[in-house]
Amino acid sequence: MTAAPTATPDSGRRARRRGGGPGATGPSNWLLVPALAFFGVFAVLPLLGVVALSFFAWDGLGTPQFAGLDAWRTVFASPVTRHAMVLTLLMTLLSFVVQFPLSILLGTFMAGRQKYRELFSVLYFLPLLFSAAAVGIAFKALLDPNFGLSRAFGADFLKQDWLGSPDLAFYTIIMVISWSFVPFHSLLYQAGVRQIPTSMYEAATLDGAGRVRQFFTVTLPQIKYTMVTSSTLMLVGSLTYFDLVFILTGGGPGNATRILPLDMYLTGFRSYQMGPASAIAVILIVVGLLLSLALNKFSGSDQMDSQMEGA
Amino acid sequence: MTRITRRTTLLGLMGLGVAAPAAVTLSACGGGAQPTGGAGSPSSLSVWALTGAKQDTYQLTFDSWNEDNPDDQFAVEYFANDSYKEKIRTAIGAGNAPTLIFNWAGGTLADYAANGSIVDLSGQVDDVLSRTIESIGQVGQVDGAQYAVPNNDTQPVILYYNTALFEEHGVTPPTTWDELMSAVETFSGAGVTPIALAGQSVWPELMYIQYLTDRIGGEGVFQKVLDGEAEAWSDPAVTSALDHIQQLVDAGAFGSGFGSVAADSGADAALVHTGQAAMLLQGSWVYGTFKQDAPDFVADGSLGFMNFPAVEDGAGDPANIVGNPANFWAVSADAAEEVQQLAIQYLNEYNLNEEMVESFLGMGAIPAVQGLEEELGELEDGDFLSFAYDMVLSAPHFQLSWDQALPAAPAQQLLTSLSQIFLGEIEPADFVATMNGTLG
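Top to bottom, those sequences are chains A and B.
Each residue of the first sequence is one higher than the one before, counting from 1 in my numbering.
Each residue of the second sequence is one higher than the one before, counting from 312 in my numbering.
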């Protein structure tokens, strides 16, 4: 839905510039139809279906029965779902706190010209190439206290109940998630840092700024919009973490890692309560939309200007 | 720069939009390709079965049928356990079920029957029922009507133990609760995990509450839950069983890392055959895992097996067993009349026939058929097969696993609450209150 208004002026402006002539109107808006049709059929339509289903009681068999607000009441009254909301919030915050600084530092490093930089970059980049399912299974095996890393290296401090203890599992998962997603965000920052003109650093050097000072006064302000992009993806993305957690713990031990997307899945496809599951899905969508709108608003990225003044 | 940021944000939003309604679309695209003209078509025979060791046996029997009936061939597809359970329900709900529906009887079968999704087979499958163990055949009934017939092996839950460790530490196999607790103490003191438990998978924890409730209060306790009686979980036997479980946990019976042990990778069995744990309470299917992962361990007689210990002053019969009596075939009501008849013909003539029985026995599984007593003793795994077969035949009551017997939502709640008992996060009283809330 939202794709239309932004895409139209963009493509129109570009075409006008290229065409040059006063009568050129650029490509027909009909070219949008295929993309819109796909988005409508595969995103908007199921989305509306989910909203509708949240007002029904359905166990996956037979015909859904209209149930008014029953599913919504169930969801908000359920201690499991409320716990899941808290966990999701905590996961969003914690994974942001871990990933944000790491990505910036790695990205800045990767944008530099140091020795062996390429080699390190390739290593940092690797997790991005693995499927979440493979990462999940591999970490599950590595973290096994009986047959995993601790046994391979005879290292007793590794012999923790990483995924089996309610106190540890949540943080272990945040570490694995960060391991998987930091490379992507580092890549964004690498691109951002590479775009900063070297003249800025030369000027800073002439003014007597050291490396640390340059990082804070040149690099960070210059990658402001990359930070907005990356943070939005991080925060909104953390609302949809599912596959890794599902494979690593399945929401356990107990309810210790049952975050909202997982709660939605387990409610829908294990307990076969499609009504409440749909209500949870709607909550996720609304929170996700609000979050990214808010981020855009507060960061002022809706009025983004050139950052190259003085360059 | 402006444009890129905008786009990426939008992408994130779109990604979310796609991910969230997955609750609905997943059913449509989840798992595997649709067979051409197979499953879902009411006019031809189709079947979905599970992957794993028994897949070959199913393939064998469907090949035989296809060879004998070239005009009415079965389209066969295999799924992993969990993905099958999710897929089959949506398929049945959408009227696209395969002709033969693989199931676990219990609450799900009752759902299907109540929804008119499966055919009442009463009186039409007497041939196959005459071959199967009677008590197991009865599990396929819903309110006295035969809706499903057994299609594979019987899977009682057995207490396995490492005989070498028992000898080394001078422990005799425990036949009572007190003996079990003193064995736990001995092993724990010697630095051996007394009992391997796949706590990450959670369902192995069910075996403890099932056996203990049965031993302490008899099979009637859980029957009251199934009947939906108000406050049925408040039975003192349930609380006592939970207390016993917490005694085991507190005594270090499962070691400290049981929450990281997963059953699907066979890690619980591995702890026993690598000598890190002394006992394991698991289904009869784990014998196959032992045989496959540690053939020498099984061959030199290091694997012991026995029924779950009796509890002193318990009301239940110590010969009662829990587990999965078998898996079952039901026939889809969406299939055309003549296709249903062909499926019933298959069930009577091919299901659990000699060919299938032989194939199951070859892999150390006990097919749910009668009259195997003499044949079993002569086989390679004769000791184990005879033991388990006798255990099933002489059991006054064979309790279907609770998570299968109950409807889906209470079953999920049961698994979660039980895992919290094992983790010491909640008390038996909390468990009882939560579970009572799922009744009715």
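Virtual Cβ for every residue (Gly too), placed ideally from N, Cα, C.
Which residue comes first and which comes last in the beta strand (DSSP E) that contains residue i?
| i | result |
| --- | --- |
| B/Glu388 | 386 to 390 |
| B/Gln511 | Taken as a continuous stretch (DSSP letters only), B/Gln511 belongs to no beta strand (DSSP E), as it is neither H nor E. |
| B/Tyr472 | 466 to 473 |
| B/Ser357 | 357 to 361 |
| B/Asn659 | Per DSSP, B/Asn659 belongs to no beta strand (DSSP E); it is in the alpha helix (DSSP H), 648 to 660. |
| B/Asn414 | 411 to 414 |
| B/Gln710 | 709 to 711 |
| B/Gly281 | Lying outside 312 to 751, the shown extent of chain B, residue 281 of chain B is not represented and no answer is given. |
| B/Gly531 | That residue, B/Gly531, is in no beta strand (DSSP E); its alpha helix (DSSP H) goes 531 to 537. |
Cα-Cα, which of the options is closest to residue i?
| i | options | result |
| --- | --- | --- |
| B/Thr362 | B/Leu687, B/Asp575, B/Phe695 | B/Asp575 |
| A/Leu187 | A/Ala281, A/Ser238, A/Met110 | A/Met110 |
| B/Thr368 | B/Ile412, B/Asp701, B/Gly673 | B/Gly673 |
| B/Ala679 | B/Glu660, B/Val650, B/Phe639 | B/Phe639 |
| A/Pro79 | A/Leu129, A/Ser28, A/Leu260, A/Ala294 | A/Leu260 |
| B/Phe695 | B/Ile399, B/Ala722, B/Asn618 | B/Asn618 |
| B/Leu734 | A/Lys224, A/Asp161, A/Thr205, A/Phe242 | A/Asp161 |
| A/Met91 | A/Thr240, A/Val193, A/Thr217, A/Pro183 | A/Thr240 |
| A/Ile177 | A/Leu235, A/Leu61, A/Leu31 | A/Leu235 |
| A/Phe215 | A/Leu47, A/Tyr124, A/Thr257, A/Gly112 | A/Gly112 |
| A/Asn255 | B/Val503, B/Ile737, B/Phe373 | B/Ile737 |
| B/Gly594 | B/Leu523, B/Gly627, B/Leu517, B/Glu686 | B/Leu517 |
| A/Pro276 | A/Phe76, A/Ala43, A/Thr229 | A/Phe76 |
| B/Asn380 | B/Phe616, B/Tyr522, B/Asp393, B/Leu653 | B/Leu653 |
Using a 10 Å radius around the Cβ and a threshold of 16 neighbouring Cβ atoms, would you call residue i buried or exposed?
| i | result |
| --- | --- |
| B/Ala339 | With a pLDDT of 37 at B/Ala339, under the threshold of 50, the modelled position of that residue is not reliable, and the figure given next carries that caveat. When all chains shown are included, B/Ala339 counts as exposed. |
| A/Ala84 | buried |
| B/Lys365 | buried |
| B/Glu388 | buried |
| A/Gln99 | buried |
| B/Val468 | buried |
| B/Pro707 | exposed |
| B/Pro485 | buried |
| A/Ala4 | Because the pLDDT at A/Ala4 is just 42, under 50, the model does not fix this residue reliably, and the value given afterwards should be weighed accordingly. So A/Ala4 counts as exposed. |
| B/Arg526 | buried |
| B/Lys558 | For clarity, residue 558 of chain B is Gln in the given sequence; the question names Lys instead. Answer is exposed; the Cβ neighbour count stays below 16. |
| A/Val33 | exposed |
| B/Ser730 | buried |
| A/Leu290 | exposed |
| B/Ala334 | Low local confidence applies: a pLDDT of 37 at B/Ala334 is under 50, so the model's placement there is unreliable, with the coordinate-based value given in what follows. Counting Cβ neighbours within 10 Å, B/Ala334 comes out buried, since at least 16 surround it. |
| B/Gln723 | buried |
| B/Phe608 | buried |
| B/Asn635 | buried |
| B/Thr320 | Residue placement at B/Thr320 is flagged as unreliable, the pLDDT there being 38, under the threshold of 50; a coordinate-derived value is accordingly withheld. |
| A/Phe157 | exposed |
| B/Gly349 | Low confidence applies to B/Gly349: its pLDDT is 41, below 50, so where it sits in the model is not reliable, and the reading given next is rough at best. Buried, by the Cβ-count rule. |
| A/Val380 | For chain A, the structure presents residues 1 to 311; residue 380 of chain A sits outside this window and is missing. |
Between which two residues does the alpha helix (DSSP H) carrying residue i extend?
| i | result |
| --- | --- |
| B/Phe258 | Since the first and last residues shown for chain B are 312 and 751, residue 258 of chain B lies out of range. |
| B/Ile632 | That residue, B/Ile632, is in no alpha helix (DSSP H); its beta strand (DSSP E) goes 632 to 635. |
| A/Phe39 | 33 to 39 |
| B/Gln731 | 719 to 733 |
| B/Ala424 | 417 to 425 |
| B/Met674 | Premise fails: B/Met674 is in no alpha helix (DSSP H) and is neither H nor E. |
| B/Thr695 | Reading the sequence as shown, one finds Phe at residue 695 of chain B and not Thr. Run containing B/Phe695: 693 to 704, per the alpha helix (DSSP H) assignment. |
| B/Gly688 | 684 to 688 |
| B/Gly594 | Where B/Gly594 is concerned, there is no enclosing alpha helix (DSSP H), although the beta strand (DSSP E) it sits in stretches over 588 to 594. |
| A/Thr219 | Run containing A/Thr219: none; DSSP gives neither H nor E here. |
| B/His480 | Segment: none, B/His480 is in no alpha helix (DSSP H) and carries neither H nor E. |
Using 8 Å as the limit for Cβ to Cβ distance, is residue i near chain C?
| i | result |
| --- | --- |
| A/Gln65 | As a matter of chain content, chain C is missing from the structure shown, whose protein chains are A and B. |
Next item on the list: Report the residues of the segment 240 to 260 of chain A with a CB closer than 7 Å to any CB of chain B, ordered along the chain.
Entry: Thr240, Gly252, Pro253, Gly254, Asn255
Next item on the list: Please name the residues in the segment 144 to 167 of chain A whose beta-carbon is closer than 9 Å to at least one beta-carbon of chain B, in chain order.
Entry: Asp144, Pro145, Asn146, Phe147, Gly148, Lys159, Gln160, Asp161, Trp162, Leu163, Gly164, Ser165, Pro166
Next item on the list: Would you list, in chain order, the members of the segment 496 to 515 of chain B that have their beta-carbon closer than 7 Å to a beta-carbon of chain A?
Entry: Gly510, Gln511, Val513
Notebook entry, point to check: Residues in the segment 391 to 403 of chain B with C-beta within 8 Å of chain A's C-beta atoms, listed in sequence order?
Noted result: Glu397, Arg400, Thr401, Ile403
Next item on the list: Note down, in chain order, all residues in the segment 570 to 582 of chain B with a beta-carbon under 9 Å from any beta-carbon belonging to chain A.
Entry: Here the close residues are Gly570, Ser571, Val572, Ala573, Ser576, Ala578, Ala581, Leu582.
Next item on the list: Could you run through the segment 270 to 289 of chain A and flag, in chain order, every residue whose CB is less than 7 Å away from some CB of chain B?
Entry: Arg270, Ser271, Tyr272, Gln273, Ala277, Ser278, Ala281, Leu284, Ile285, Gly288, Leu289
Next item on the list: Any chance you could list the alpha helix (DSSP H) runs of at least 4 consecutive residues sitting entirely within the segment 121 to 167 of chain A, in chain order?
Entry: 132 to 142, 149 to 153
Check: What are the uninterrupted segments assigned as alpha helix (DSSP H) that are 4 or more residues long and contained completely in the segment 162 to 207 of chain A, given in chain order?
Finding: 169 to 194, 198 to 206
Checklist line | chain B contacts from the segment 26 to 42 of chain A (Cβ-Cβ distance under 9 Å) | finding: Phe39, Phe42
Next item on the list: Report the residues of the segment 712 to 731 of chain B with a CB closer than 7 Å to any CB of chain A, ordered along the chain.
Entry: Ala719, Ala720, Gln723, Thr727, Ser730, Gln731
Notebook entry, point to check: Of all the residues that make up the segment 424 to 444 of chain B, which are near chain A by a beta-carbon distance shorter than 9 Å?
Noted result: The residues in question are Ala425, Asn426, Gly427, Ser428.
Next item on the list: May I ask you to list, following chain order, the residues of the segment 532 to 545 of chain B that have a beta carbon less than 7 Å from some beta carbon of chain A?
Entry: none
Checklist line | Residues of the segment 90 to 111 of chain A whose Cβ lies closer than 8 Å to any Cβ of chain B, in chain order | finding: Going along the segment 90 to 111 of chain A in chain order, one finds no residue with a Cβ nearer than 8 Å to chain B.
Checklist line | Chain-ordered residues of the segment 545 to 560 of chain B with a beta carbon less than 8 Å from chain A | finding: none
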